[in-house]
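Numbering (the working numbering), first residue to last: 1 to 107. Where is the CB? At the ideal position from N, CA and C, for every residue including glycine. None of these values were measured; they are calculated from a predicted model. To start, the structure itself, in structure tokens.
If you want it as structure tokens, here you go:
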């Protein structure tokens, strides 16, 4: 890529990011109720995205060969257990990821 192409690429990415971040405020101004469908999506999509990420995470886990999916199972149990205990998604995901990486790197 030439320097001009790199600058153009960065400019397009910045413009797209700004449009998606600020576009919602332009479409749904403060004080005006959002449509029911948008409110429904705001409630339903976070759980759907998390479910999709879980499926994506475990889709290539091999349970018929060593290590039989044990690191993934341990990390899943730690993540779920910590989330049920603390109710903090960031901590749950971070600790589960750290536990998985420690198991995979050291065992």
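- Pairing residue 75 with residue 56 gives a Cβ-Cβ distance that is not under 8 Å.
- Secondary structure note for residue 56: its alpha helix (DSSP H) is the uninterrupted segment 36 to 58.
- The closest CA to that of residue 91, considering only 103, 78 and 102, is found on 78.
- For the pair residue 25 and residue 34, the CB atoms are not nearer than the 8 Å cut-off.
- Straight across, the Cα-Cα distance linking residue 4 with residue 16 is about 18 Å.
- CA-to-CA, the gap between residue 103 and residue 38 works out to about 41 Å.
- Residue environment analysis places residue 19 among the exposed positions, since fewer than 16 neighbouring C-beta atoms fall within 10 angstroms of its C-beta.
- Shown here for residue 52: not one same chain residue has a beta carbon closer than 8 Å to its own, the five before and five after excluded.
- With fewer than 16 other CB atoms across the displayed protein chains lying within 10 angstroms of its CB, residue 23 is exposed.
- Linking residue 8 to residue 1 through their CA atoms gives a straight-line distance of about 11 Å.
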